[in-house]
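**Q** Protein chains in written order, with the numbering used here: chain A, 76 to 601; chain B, 76 to 601. Even glycine gets a Cβ: it sits at the ideal position worked out from N, Cα and C. Please read all numbers here as calculations on a predicted model, not as lab measurements. Provided herewith is a single structure, encoded as structure tokens, for subsequent inquiry.
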């Protein structure tokens, strides 16, 4: 196990110029861990951004194959982080070791997926319109387009996935794949974990001879503002709260040169339980749904926070069963004291609301989160009550009963943008509620059938995104290979000599990639 | 010729609820034309946005083929606008009829290009990861992704291309192709033109049975703010000034639900004239460059506003020749009084600057724009003087002489983002200045070789975009078929029954499109 020295990572070296220090904590006991982290000074934030800017010209111009090798080396390094690492992450986050092992595999798998994307070459978006010198009334020039990385990217990770959505997580992987050097702001909830992962990335960068500054990491509270405002930074990836993401968006928009922010923020992930499904398998649904609500102490962006059903004796029984099951669920330790504090406040706000009733769950007290079940009057949804649109991060969910199909439609229309929506439905339900699907599609990034939204597959077809406030830009995803597109921009060459063109656009097609040539896709050389 | 009644276009009907009226003007004489336009009231702006929102669910769900038929019908209607239309546009803009005829063909051609994109089907971005029920440690669910239109789009056209960048221009075409209904803010510089074009679009919508509200248009000064802030609007397309675009970006970012703005704003389009090219064909370059500077009275976003060369007796002679040629160029009428006013101010600011010298051009006076040539000390570029980064919209350009290759590199590094950069170079120049190309690629959307940036081909490979302030989002283009991507977002289906999937994602692949299936592109059914 490499020593944890707590210095910032700048341009391939370590730096601790400031006097402010930070501690990481044991998430279960609150005890400070024996590591000291040096908060980055303004000068160090600047140096980290400059290091990324210096690496950019060389890194973006590396062949896709070289970048793929770098990502694969990171994956190997991540896989090699051993039991001591798993124990450390567990200690900082209170997440069980099995979960961390799975997350480690998912994080290295994600790196390998982006390596595949690089080798496949479709991320180039290569397009060629050949010259038409005889065209009337005007000849056509030769035009060739491909995509390049936008520049250095600032990444802010999440507390709830200390590996997959953090230091070497999806945003970092997507940015590096795109050819964008990264400055990562280490999450204050797992700084020792961040250091071990950053070490793994740096080892991989050295092994594969990447430019210094391809990956940088800074520690500290409040250092993110200077990072987002730094002129060298060209895009931001963020996973966290609506407040945090909104603040970054505002900073980015107010820069002399505004830059895009891809923030994944807040979603309540409605689950619609339809009548036939209730009839056929109500008990099974209740137990699966409760398992999804309390899984990982409910600390998922895709946690089902809203359950909607059509009023009936069967739905009444289903609600009663959910109550019984929620009452049986044990309290769990949350990621850190701040998360528990927010959960307590969120639960209290629901308890205090006159049109929301508390159905199940022990009184929230002590150092752990108690699972809770609430029921809200549908009018709150229809009238746009903000409390029903806000994510309560933790093991709680809220039932809304609608009178009929028409009210269900109106309730869904009143929802804000979501990461996911789920239909628990039999074939007959789907037939009689055909109008729901187009509406859900307009509201969310992912529509699930007879599953539960917790569990986000990393692949080509995944969308972990959706309309605001689920994310700040519905046109992206922060999970899956499409995430690379957020950090690419097109460049066009007009009448460029073949030898000077990037390989992706040369006549001979040396990369063997699929290209749109004169309106048709082909791999053949020209 | 249909009558021009000057009412707003809302949901397929006409509306003139307000009392404020506007006139259009003869651009050459300043005389008011005999048409009255009714400024949209707040209620009418709301109604237009609501009409677009009402059309959205039906319009976005039409087959791509149906939308293609709509775009082709618009193209046919545009082509059928006759000589009286050409004369009207000329009168409102002072642009010659030959230019307007060319622009009409370009605008209908653009509609047909997007129809091709719709039929090709790659805009769907269809991706399928099939279920792997046996996968260890966890099975993989079936995931399928495609892209849908983001929702109603507000479009603001430009004055300088009354057809191609206006009512039925690239932003409108891209949005409609994506399945997004449009609310167009008629440009105050050519409202009669806008009405004739809107009529053409509405005729096409009726012919092809599009939902009412697929295209709406409002007249008025200041009505854009209410439009951009309207909750139904989901994205904005804009072509115009940095001030105007910046204001829209700020409004969009400050909405309760922030939305993306694609603003094409300000570019000075540097042209680098390298030594061997000067030696081989200096006179030819000078006459071509001057022709590009004064073409269309310099009223192009891609007008070459900065000419950079390495100091030498030959560059000195080239500069002298440019001066002679500029002095020979006649004054021209600009698009409108406001444009001339801005040009006059821009020229005066250059004249007033102590480190900028005036090389050629008659004193700016009267109702027409006089072509001008200036020379600035390279230090102004290196020190980031804002005057050298600002577009002066009109027939003027500015020479900067650098001492050597190293200073050329530094001068280019100091440039802000641009739509284009041009290399006028012989093979030997390119060999000895290889370091320039990667740098230019980082600064611009399009790099030209031995051509001139005025003249933007509409095709698959064009990029009319670039880093800020050329545009507000370097990841898009406002010309060419890639422009559709600005208005699309991905949606993912998890374990969706085949019959309920959109056609693009069904097993049988009824659209016959290319899809990424389990990591490989294929057209075969599953």
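Could you spell out the range, first to last residue, of the beta strand (DSSP E) harbouring residue 590 of chain A?
**A** In the first chain, the residue the question calls residue 590 of chain A occupies position 515. Element bounds for residue 590 of chain A: 590-592.
**Q** Short of 7 Å in beta carbon distance, which residues of its chain neighbour residue 376 of chain A, apart from the five on each side in sequence? Order them along the chain.
**A** One-based indexing of the first chain puts residue 376 of chain A at position 301. 339, 342, 494.
**Q** Run through DSSP, which three-state label would residue 168 of chain B get?
**A** Here residue 168 of chain B refers to the residue found at position 93 when the second chain is read from its first residue. DSSP places residue 168 of chain B in helix when its eight states are reduced to three.
**Q** Interface residues of chain B around residue 199 of chain A at Cβ under 9 Å?
**A** In the first chain, counting from the first residue as 1, residue 199 of chain A sits at position 124. Neighbours of residue 199 of chain A on chain B: none; closest Cβ ~12 Å, over 9 Å.
**Q** Taking 8 Å as the threshold, find out whether the region 560-576 of chain A comes into contact with the region 511-525 of chain B through three or more Cβ pairs.
**A** Result yes; three or more Cβ-Cβ pairs closer than 8 Å.
**Q** Just reading off the beta strand (DSSP E) that residue 567 of chain B is part of, what are its end residues?
**A** Residue mapping note: residue 567 of chain B aligns to position 492 of the second chain, counting from 1. Run containing residue 567 of chain B: 563-569, per the beta strand (DSSP E) assignment.
**Q** Considering only residues of the same chain and omitting the five flanking positions on each side of residue 208 of chain A, which have a CB-CB separation below 6 Å?
**A** In the first chain, residue 208 of chain A corresponds to position 133, counting from 1. Contacts found: 214.
**Q** To test your reading of the DSSP string, which unbroken beta strand (DSSP E) runs of 3 or more residues are found completely within the region 77-124 of chain B?
**A** For the region 77-124 of chain B, whole beta strand (DSSP E) runs of length 3 or above, ordered along the chain, are 83-85, 88-90, 96-100, 107-113.
**Q** Just confirm the distance between the C-beta atoms of residue 119 of chain A and residue 293 of chain A, as a whole number of angstroms; I'd bet it's less than 8 Å.
**A** Counted from its first residue, the first chain places residue 119 of chain A at position 44. Counted from its first residue, the first chain places residue 293 of chain A at position 218. Residue 119 of chain A to residue 293 of chain A, Cβ: 6 Å. Contact.
**Q** So who's on the other strand from residue 407 of chain A, going by DSSP bridges?
**A** Residue 407 of chain A sits at position 332 when you count from the first residue of the first chain. DSSP lists A/444 as partners of residue 407 of chain A.
**Q** What does DSSP give as the partner residues of residue 219 of chain A in its beta bridges?
**A** The residue you call residue 219 of chain A lines up with position 144 of the first chain. Note: residue 219 of chain A sits in a beta bridge opposite A/203, A/568.
**Q** Whole angstroms are fine: how far does the CA of residue 183 of chain B sit from the CA of residue 274 of chain B?
**A** Here residue 274 of chain B refers to the residue found at position 199 when the second chain is read from its first residue. Here residue 183 of chain B refers to the residue found at position 108 when the second chain is read from its first residue. Distance between the alpha carbons of residue 274 of chain B and residue 183 of chain B is about 15 Å.
**Q** Out of B/379, B/326, B/388, state which residue places its alpha-carbon closest to the alpha-carbon of residue 446 of chain B.
**A** For the purposes of this step, residue 446 of chain B is taken as the residue at position 371 of the second chain. Minimum Cα distance to residue 446 of chain B is reached at B/379.
**Q** Tell me, please, whether the region 494-510 of chain A touches the region 182-197 of chain B by the rule of three or more beta-carbon pairs shorter than 8 Å.
**A** These segments do not touch.
**Q** Alpha carbon to alpha carbon, what distance is there between residue 244 of chain A and residue 504 of chain A?
**A** For the purposes of this step, residue 504 of chain A is taken as residue 429 along the first chain, with counting starting at 1. For the purposes of this step, residue 244 of chain A is taken as residue 169 along the first chain, with counting starting at 1. Taking the straight line joining both Cα atoms gives about 38 Å.
**Q** Can you check DSSP and say which residues form a bridge with residue 342 of chain A?
**A** Stepping through the first chain from its first residue, residue 342 of chain A is reached at position 267. In the DSSP output, where bridge partners are listed per residue, residue 342 of chain A has none listed.
**Q** Taking Cβ-Cβ distances shorter than 8 Å, what residues in chain B pair up with residue 566 of chain A?
**A** Along the first chain, one-based indexing puts residue 566 of chain A at 491. The contacting residues are 516, 519, 520, 521, 522, 538.
**Q** Which residues does DSSP list as the beta-bridge partners of residue 291 of chain A?
**A** Position 216 of the first chain, counting from 1, holds the residue named residue 291 of chain A. Paired residue(s): A/258.
**Q** Would you mind telling me which residues of chain B sit closer than 7 Å to residue 549 of chain A, beta carbon to beta carbon, in chain order?
**A** Position 474 of the first chain, counted from the first residue, corresponds to residue 549 of chain A. Those are 225, 564, listed as they occur along chain B.
**Q** Tell me the residue span of the alpha helix (DSSP H) that contains residue 416 of chain A.
**A** Your numbering for residue 416 of chain A matches position 341 in the first chain. Its alpha helix (DSSP H) spans residues 412-427.
**Q** Per DSSP, residue 432 of chain A forms a beta bridge with which residues?
**A** Along the first chain, one-based indexing puts residue 432 of chain A at 357. Paired residues: A/450.
**Q** Would you decide whether residue 585 of chain A is buried or exposed? Buried here means 16 or more other CB atoms lie within 10 Å of its CB.
**A** In the first chain, the residue the question calls residue 585 of chain A occupies position 510. When all chains shown are included, residue 585 of chain A counts as exposed.
**Q** Can you give the beta carbon distance from residue 353 of chain A to residue 393 of chain A, rounded, assuming they're within the 8 Å contact cut?
**A** Counting from 1 along the first chain, the entry for residue 353 of chain A is found at position 278. Counting from 1 along the first chain, the entry for residue 393 of chain A is found at position 318. About 6 Å separates the two Cβ atoms, so the contact holds.
**Q** Return helix, strand or coil for residue 240 of chain B, following the three-state DSSP convention.
**A** Counting from one through the second chain, the residue named residue 240 of chain B turns up at place 165. Reduced to three states, the DSSP call for residue 240 of chain B is coil.
**Q** By a C-beta neighbour count over all protein chains shown, 10 Å radius and 16 as the cutoff for buried, is residue 114 of chain B buried or exposed?
**A** The residue given as residue 114 of chain B occupies position 39 in the second chain. So residue 114 of chain B counts as buried.
**Q** Who pairs with residue 595 of chain A in a beta bridge, going by DSSP?
**A** Within the first chain, residue 595 of chain A is the residue found at index 520, counting from 1. The partner list for residue 595 of chain A (beta bridge, DSSP) reads A/592.
**Q** Spell out whether any CB of chain B is found under 8 Å from the CB atom of residue 589 of chain A.
**A** In the first chain, counting from the first residue as 1, residue 589 of chain A sits at position 514. Chain B, which has a Cβ nearer than 8 Å to the Cβ of residue 589 of chain A, makes this yes.
**Q** For a contact defined as C-beta to C-beta under 7 Å, what are the partners of residue 535 of chain A on chain B?
**A** For the purposes of this step, residue 535 of chain A is identified with residue 460 of the first chain, where counting begins at 1. Simply 202, 204, 591, 594.
**Q** Using a Cβ cut-off of 7 Å, pull out every chain A residue sitting near residue 215 of chain B, in sequence order please.
**A** Counting from 1 along the second chain, the entry for residue 215 of chain B is found at position 140. Near residue 215 of chain B (Cβ distances below 7 Å), the residues of chain A are 532.
**Q** Mind checking which residues open and close the alpha helix (DSSP H) that includes residue 145 of chain A?
**A** Taking the first chain and counting its residues from 1, one reaches residue 145 of chain A at position 70. Residues 139-154.
**Q** Going by Cα to Cα distance, which pick from A/295, A/284, A/204 is closest to residue 116 of chain A?
**A** In the first chain, counting from the first residue as 1, residue 116 of chain A sits at position 41. Nearest C-alpha to residue 116 of chain A: A/295.
**Q** Quick check: is the beta carbon of residue 132 of chain A nearer than 8 Å to any beta carbon in chain B?
**A** On the first chain, position 57 is the one that residue 132 of chain A refers to. Output row for residue 132 of chain A: interface = yes.
**Q** Which of helix, strand or coil does DSSP assign to residue 369 of chain B?
**A** By one-based count along the second chain, residue 369 of chain B stands at place 294. Of the three classes helix, strand and coil, the one that applies to residue 369 of chain B here is helix, per DSSP.
**Q** Using DSSP with H/G/I as helix, E/B as strand and the rest coil, what is residue 390 of chain B?
**A** As a working note, residue 390 of chain B is residue 315 in the second chain. Helix, per DSSP.
**Q** Once the 5 residues before and after residue 428 of chain B are set aside, which same chain residues still bring their CB inside 7 Å of it?
**A** Your numbering for residue 428 of chain B matches position 353 in the second chain. Cβ within range, chain order: 462.
**Q** Measuring alpha carbon to alpha carbon, tell me which residue in A/206, A/146, A/105, A/277 is nearest residue 537 of chain B.
**A** Locating residue 537 of chain B in the second chain gives position 462, where the first residue counts as 1. Per the Cα distances, A/206.
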